[in-house]
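These notes are about the structure you will find just below.
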Amino acid sequence: MVIVFAPIHFLVLLAFSTCYFSPINTTISPIFNPPTSPITKPHKLVSKLIHPHSVHHPTYNPNDTIKDLAERDMKNSIARFAYLQAISQGSSLATNDVDLRASIFPPISGLLLANISIGQPPIPQFLVVDTGSFLLWVMCISCTNCPQHSAGPIFDPAKSSTFSTLPCQDSTCHKFLHHCHCIDLDQVAYWIKYLDNTTTAGIIAQEQLVFETSDEGTAVVPNVTFGCGYINNFRKEPQWNGILGLGSEESLVSQLGNRFSYCIGSITDSQYTYNQLVLGEGADLQGYSTPFRAINGLYYVTLQSISVGERTINIDPKTFQRNEDGSGRSDHRLWNDSD
């Protein structure tokens, strides 16, 4: 079985309204159905995103103070920076020179979630939105090491009328994992090992997805290729159901049209429900937007300046420029009122 090392980069959480755009040996025996027809790419799909401060987030705590939220966001940001810096420079989190707080999965409170349903009948799944990995996978019954209290019910493919596995000769898996492993019952297995030794293993299959749209409606997309995870090992028990990979390789993005964008509005209002993930060729946003730069499979945002209130901090713009090794220039000054 082939191990695929996958860096994972979660969408950056920003404290203001902003939008982003990017073109872009285990035997498992679920019910087998013949492969379905190729996916029909929709023009535009809009799914709600659940911000960590939202009342709809699995770990929302109404007793959290502003200080609690700020401290948690700061810790998550520091952890994510350490991890992303290691990834961009080709390091592994298994080495001693990297802060291991920079886990592949930081505390659940720091993750953006997409609420997407899978199967027929549709089963709601809370999926971590991840721009650095490429496979969409969910935990499936009967999985090992699955959490006792996940955000949504664990998907049971045996109870879905639209679930189908892929036969070994199907070329779809090779688009996602480059190398695949054929197991009994003519099924294709995957095994992904992330850089902090988190692993997921299962089979590659196809299923319909149901998106909750911005206008309270739903959109059904059939024949989506995904991973059904039966053997999962986590550093910490997750409170989500799987990973929604949006990476620049063969991900859900490429299945739906090679474009995606997302917009995060108010994060201080726990009742705010208009954060959006947009998929498909029509994934354009109205108003101000910031483009992604896709470099070596990773996404970068070009930072121009930093302001506190209405005042721009005096920082050399070269500080924000990306070096060839993926790092930025270090600036160790302490700014004061005269800067």
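Under mature numbering (1 follows the signal peptide of the UniProt record, and there is no 0), read the sequence shown as residues -21 to -1, 1 to 318, first letter to last.
Note that beta-carbon positions come from the ideal geometry of N, C-alpha and C, so glycine has one too.
Bear in mind the structure is a predicted one, so any value in this text is a computation, not a measurement.
**Message:** If I measure Cβ to Cβ from residue 272 and keep anything under 6 Å in the same chain, skipping five residues before and after, which residues do I get?
**Reply:** Locating residue 272 in the sequence shown gives position 293, counting from the first residue. Excluding residues within five positions, the ones whose Cβ falls inside 6 Å are 279.
**Message:** When you compare the CB positions of residue 221 and residue 148, do they come within less than 8 Å of one another, or not?
**Reply:** Within the sequence shown, residue 221 is the residue found at index 242, counting from 1. Within the sequence shown, residue 148 is the residue found at index 169, counting from 1. No, these two residues do not count as a Cβ contact at 8 Å.
**Prompt:** So, are the CB atoms of residue 234 and residue 203 less than 8 Å apart?
**Reply:** On the sequence shown, residue 234 is found 255 positions in, with the first residue counted as 1. On the sequence shown, residue 203 is found 224 positions in, with the first residue counted as 1. Going by C-beta atoms, residue 234 is nearer than 8 Å to residue 203.
**Request:** Mind checking which residues open and close the beta strand (DSSP E) that includes residue 199?
**Result:** Walking along the sequence shown from the start, residue 199 turns up at place 220. That run of the beta strand (DSSP E) goes 197 to 212.
**Request:** Return the CA-CA distance between residue 167 and residue 223, expressed in angstroms with no decimal places.
**Result:** One-based indexing of the sequence shown puts residue 167 at position 188. One-based indexing of the sequence shown puts residue 223 at position 244. Cα atoms of residue 167 and residue 223: separation of roughly 20 Å, rounded to the nearest angstrom.
**Prompt:** On the three-pair Cβ rule with 8 Å, is the stretch 133 to 144 touching the stretch 247 to 257?
**Reply:** no
**Item:** Backbone secondary structure at residue 299 - three-state DSSP
**Value:** Position 320 of the sequence shown, counted from the first residue, corresponds to residue 299. Note: residue 299 maps to helix in three-state DSSP.
**Prompt:** Helix, strand or coil: how does DSSP classify residue 113 here?
**Reply:** Reading the sequence shown from its first residue, position 134 is the one you call residue 113. Looking at residue 113 - three-state DSSP - the assignment turns out to be coil, as it is neither helix nor strand.
**Prompt:** Since residue 207 contacts residue 226 with CB under 8 Å, what's their CB separation in whole angstroms?
**Reply:** Here residue 207 is taken as the residue at index 228 of the sequence shown, counted from 1. Here residue 226 is taken as the residue at index 247 of the sequence shown, counted from 1. Wrong, their Cβ atoms sit about 19 Å apart, outside the cutoff.
**Classification of residue 259 by the beta-carbon crowding that lies within 10 angstroms, buried from 16 upward** = Numbered from 1 along the sequence shown, position 280 holds the residue referred to as residue 259. That one is buried.
**Prompt:** What residues match up with residue 186 in a beta bridge as DSSP calls it?
**Reply:** Counted from its first residue, the sequence shown places residue 186 at position 207. Paired residues: 203.
**Message:** Let's see if you can read the secondary structure: which residues bound the beta strand (DSSP E) around residue 255?
**Reply:** On the sequence shown, position 276 is the one that residue 255 refers to. Note, residue 255: beta strand (DSSP E), 255 to 258.
**Asked** Under a Cβ-count criterion, where at least 16 other Cβ atoms within 10 Å of its own Cβ denotes burial, should residue 300 be classed as buried or exposed?
**Response** Residue numbering aside, residue 300 sits at position 321 when the sequence shown is read from its first letter. That one is exposed.
**Item:** Cα-Cα separation between residue 106 and residue 114, rounded to whole angstroms
**Value:** Position 127 of the sequence shown, counted from the start, is the residue given in the question as residue 106. Position 135 of the sequence shown, counted from the start, is the residue given in the question as residue 114. Rounded to the nearest angstrom, the two C-alpha atoms are 12 Å apart.
**Prompt:** Which residues in the same chain have their Cβ closer than 6 Å to the Cβ of residue 178, if we skip the five residues on either side of it in sequence?
**Reply:** Here residue 178 refers to the residue found at position 199 of the sequence shown. For residue 178, where only same-chain residues beyond five positions count, the Cβ hits under 6 Å are 172 and 212.
**Request:** Report yes if the CB atom of residue 117 is closer than 8 Å to the CB atom of residue 190, and no otherwise.
**Result:** Walking along the sequence shown from the start, residue 117 turns up at place 138. Walking along the sequence shown from the start, residue 190 turns up at place 211. No.
**Request:** Whole angstroms is fine: what's the gap from residue 161's alpha carbon to residue 169's?
**Result:** Residue numbering aside, residue 161 sits at position 182 when the sequence shown is read from its first letter. Residue numbering aside, residue 169 sits at position 190 when the sequence shown is read from its first letter. Their backbone Cα atoms lie some 9 Å apart in a straight line.
**Asked** Just reading off the alpha helix (DSSP H) that residue 233 is part of, what are its end residues?
**Response** In the sequence shown, counting from the first residue as 1, residue 233 sits at position 254. Unbroken alpha helix (DSSP H) run through residue 233: 231 to 235.
**Request:** Report the rounded CA-to-CA distance for residue 127 versus residue 111, giving the unit in angstroms.
**Result:** On the sequence shown, residue 127 is found 148 positions in, with the first residue counted as 1. On the sequence shown, residue 111 is found 132 positions in, with the first residue counted as 1. Spanning the two alpha carbons is a distance of roughly 27 Å.
**Request:** May I have the straight-line CA-CA distance separating residue 52 from residue 165, to the nearest angstrom?
**Result:** Translated into the one-based positions of the sequence shown, residue 52 becomes position 73. Translated into the one-based positions of the sequence shown, residue 165 becomes position 186. Taking the straight line from one Cα to the other gives about 46 Å.
**Asked** Would you report the Cα separation of residue 184 and residue 274, rounded to the nearest angstrom?
**Response** For the purposes of this step, residue 184 is taken as residue 205 along the sequence shown, with counting starting at 1. For the purposes of this step, residue 274 is taken as residue 295 along the sequence shown, with counting starting at 1. Taking the straight line joining both Cα atoms gives about 29 Å.
**Item:** Where the beta strand (DSSP E) containing residue 221 begins and where it ends
**Value:** Within the sequence shown, numbered from 1, the residue matching residue 221 stands at position 242. Note, residue 221: beta strand (DSSP E), 221 to 224.
**Asked** Roughly how many angstroms lie between the CA atoms of residue 201 and residue 285, to the nearest whole one?
**Response** As a working note, residue 201 is residue 222 in the sequence shown. As a working note, residue 285 is residue 306 in the sequence shown. Approximately 43 Å between the Cα atoms of the pair.
**Asked** Per DSSP, what kind of secondary structure is residue 272 in: helix, strand or coil?
**Response** Position 293 of the sequence shown, counted from the first residue, corresponds to residue 272. When DSSP states are grouped into helix, strand and coil, residue 272 belongs to the strand group.
**Prompt:** When DSSP labels each residue in this structure, what does residue 282 get in the three-state scheme?
**Reply:** Here residue 282 refers to the residue found at position 303 when the sequence shown is read from its first residue. Of the three classes helix, strand and coil, the one that applies to residue 282 here is coil, per DSSP.
**Request:** Report back the beta-carbon spacing between residue 124 and residue 29 to the nearest angstrom; my notes put them in contact at under 8 Å.
**Result:** Numbered from 1 along the sequence shown, position 145 holds the residue referred to as residue 124. Numbered from 1 along the sequence shown, position 50 holds the residue referred to as residue 29. Wrong, their Cβ atoms sit about 24 Å apart, outside the cutoff.
**Prompt:** Using a C-beta cutoff of 8 Å, does residue 240 count as contacting chain C?
**Reply:** No chain C is present in this structure, which holds just one protein chain.
**Asked** Are the Cβ atoms of residue 254 and residue 244 separated by less than 8 Å?
**Response** As a first step, residue 254 is located in the sequence shown; it is residue number 275 there, counting from the start. As a first step, residue 244 is located in the sequence shown; it is residue number 265 there, counting from the start. Taking 8 Å as the Cβ cut-off, residue 254 and residue 244 qualify as a contacting pair.
**Minimum length 3: unbroken beta strand (DSSP E) runs contained in the stretch 124 to 151** = The stretch 124 to 151 contains no whole beta strand (DSSP E) run of 3 or more residues.
**Message:** Using only the alpha-carbon positions, how far apart do residue 131 and residue 217 sit?
**Reply:** Against the sequence shown, residue 131 aligns to sequence position 152. Against the sequence shown, residue 217 aligns to sequence position 238. Whole-angstrom Cα-Cα distance: 11 Å.
**Asked** From residue 82 to residue 57, what does the alpha carbon distance come to, in whole angstroms?
**Response** Within the sequence shown, numbered from 1, the residue matching residue 82 stands at position 103. Within the sequence shown, numbered from 1, the residue matching residue 57 stands at position 78. With a pLDDT of 36 at residue 82, under the threshold of 50, the modelled position of this residue cannot be trusted; read the value that follows with caution. Rounded to the nearest angstrom, the two C-alpha atoms are 11 Å apart.
**Prompt:** Can you name the residues that DSSP bridges to residue 56?
**Reply:** Looking up residue 56 in the sequence shown gives position 77. Residue 56 is not bridged to any residue.
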